[in-house]
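Below is one structure, written out as structure tokens, with a few remarks after it.
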Amino acid sequence: MALFLIGDIQGCDSALGRLLDELAFSPSRDTVVLLGDLVNRGPESAQVLRRAQRLGGAALSVLGNHDLHLLGVAHGVRKSGRKDTVAELLAAPDREAMLDWLRHQHMALHRRIGSGEAARDLLMVHAGVLPQWSVADVRAHAGELEAVLRGPNLGAFLATMYGNQPDRWSDTLEGSERLRVIVNALTRLRLCTADGTMEFETTDGAADAPAGYMPWFDVPGRRTAEATVAFGHWSTLGWVSRPDLLSTDTGCVWGGCLSAVRIGATLDERERIQVKCEQAQKPGKGG
């Protein structure tokens with residue numbers, strides 16, 4: 000049984016199909032985790048969701064900012080943007096089945112990989128985690144958000160989801176402000192200060208961080224540093240593989256590659272597999 004992680008697909012189903020073929024992926028044997036932004040910008044968003052549904056329990060996904068945006072547009076709390084490519088999905092006869100599948104996915108996933116002294120936590124999110132959050136904190140806060148996404152008050156939540164404030168976590172946050180910080184950290188975060196204050200304007204590479212800001216994964220004392228955090232979202236960062244980090248968004252929708260990583264018996268055993276994507280949007284600076 001193999002575990003594969005795949006970066007941002009963004010509606011590029013043809014590339015996803017070719018990548019799964021390249022992996023020799025078998026739903027009866029293997030598991031694939033899609034690291035968010037399954038939809039939007041590319042031309043085949045509905046096909047991506049239908050393929051994921053057909054894979055059943057062999058396919059899991061964390062949700063990205065574009066996936067949540069789709070839910071917002073579908074519930075009428077946000078207008079579709081000029082660059083959005085989800086109109087076909089929203090007009091499809093199986094629209095509700097696709098949206099229901101999406102809202103029942105995850106905000107974070109966790110696995111313990113390896114055994115004995117080689118064992119290590121694999122934490123999977125779309126964008127990032129705040130430096131003051133532990134693995135247990137991430138799982139708990141993701142669970143808060145998942146409960147709302149799957150519950151009867153989804154529309155009310157989506158109406159208050161958008162915005163950049165508060166830009167820093169506090170355990171005393173409640174209600175919509177608490178959920179908004181969780182959403183922004185897990186689906187939009189790239190840069191923050193040492194105290195976890197988030198910045199959302201910069202979408203270029205890590206070298207372009209404003210003064211006082213740094214990539215979330217380079218904050219000294221980050222509490223998830225003993226885990227390996229796998230994420231997407233940042234195409235201008237591209238592929239990064241280090242003991243505590245797996246950055247997997249290699250810009251498929253912008254004319255780059257769609258990337259997967261095969262996780263071995265330990266988190267030190269990693270293999271990257273890529274296919275070229277035909278899609279060639281103008282660079283979107285990180286998704």
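Residues in the sequence shown are numbered from 0 upward in steps of one, following numbering that gives the first Met the number 0.
Ideal Cβ positions, reconstructed from N, Cα and C, are used throughout, including at glycine.
Treat the numbers as computed from the prediction; the structure is a model and nothing was measured.
Report the option in the options whose CA atom is closest to the CA atom of residue i.
i: H74; options: L98, G127, A146 and D194; result: L98
i: E200; options: N163, R167, V61 and G150; result: N163
i: Q9; options: V85, V124 and G80; result: V85
i: H68; options: D36, A51, L54 and R50; result: D36
i: A224; options: R119, F24, E173 and H232; result: R119
i: Y161; options: N64, V260, A51 and A45; result: N64
Starting from residue i, trace the alpha helix (DSSP H) both ways and give me its first and last residue.
i: R222; result: No alpha helix (DSSP H) holds R222; DSSP gives it neither H nor E.
i: K46; result: This sequence places Gln at residue 46; Lys is not what is there. Looking at the DSSP string, the run of the alpha helix (DSSP H) that includes Q46 is S44 to R53.
i: V72; result: N64 to A73
i: R40; result: Segment: none, R40 is in no alpha helix (DSSP H) and carries neither H nor E.
Residue i lies in the beta strand (DSSP E); which residues open and close that run?
i: E145; result: Looking at the DSSP string, E145 is not in any beta strand (DSSP E); the run it does join, the alpha helix (DSSP H), is V134 to R149.
i: R119; result: R119 to M123
i: A206; result: No beta strand (DSSP E) contains A206, which DSSP labels as neither H nor E.
i: A58; result: A58 to S60
Using the Cα positions of residue i and residue j, report the straight-line distance between them to the nearest angstrom.
i: I5; j: E95; result: 25 Å
i: R189; j: V38; result: 20 Å
i: K284; j: G142; result: Only weak support exists for where K284 lies, its pLDDT of 46 falling under 50; the value from the coordinates is given anyway. Computed Cα separation, rounded: 29 Å.
i: E270; j: L244; result: 14 Å
i: C11; j: C251; result: 8 Å
i: A57; j: P26; result: 5 Å
i: V218; j: W132; result: 12 Å
i: L153; j: N183; result: 17 Å
i: K82; j: A117; result: 45 Å
i: P287; j: L88; result: The chain is shown only over 0 to 286; residue 287 falls outside these bounds and no answer can be derived.
i: M345; j: P92; result: In this structure the chain extends from 0 to 286, so residue 345 is not present and cannot be described.
i: A259; j: S234; result: 14 Å
i: M123; j: G263; result: 16 Å
i: S240; j: G204; result: 16 Å
May I ask you to list the residues that DSSP assigns as paired with residue i?
i: V260; result: L4 and R271
i: E198; result: L190
i: S240; result: L245
Taking residue i and residue j to be in contact with their CB atoms under 8 Å, please state how far apart those CB atoms are, rounded to whole angstroms.
i: P165; j: R221; result: Wrong, their Cβ atoms sit about 20 Å apart, outside the cutoff.
i: F230; j: G71; result: With a Cβ gap of about 22 Å, F230 and G71 do not count as contacting.
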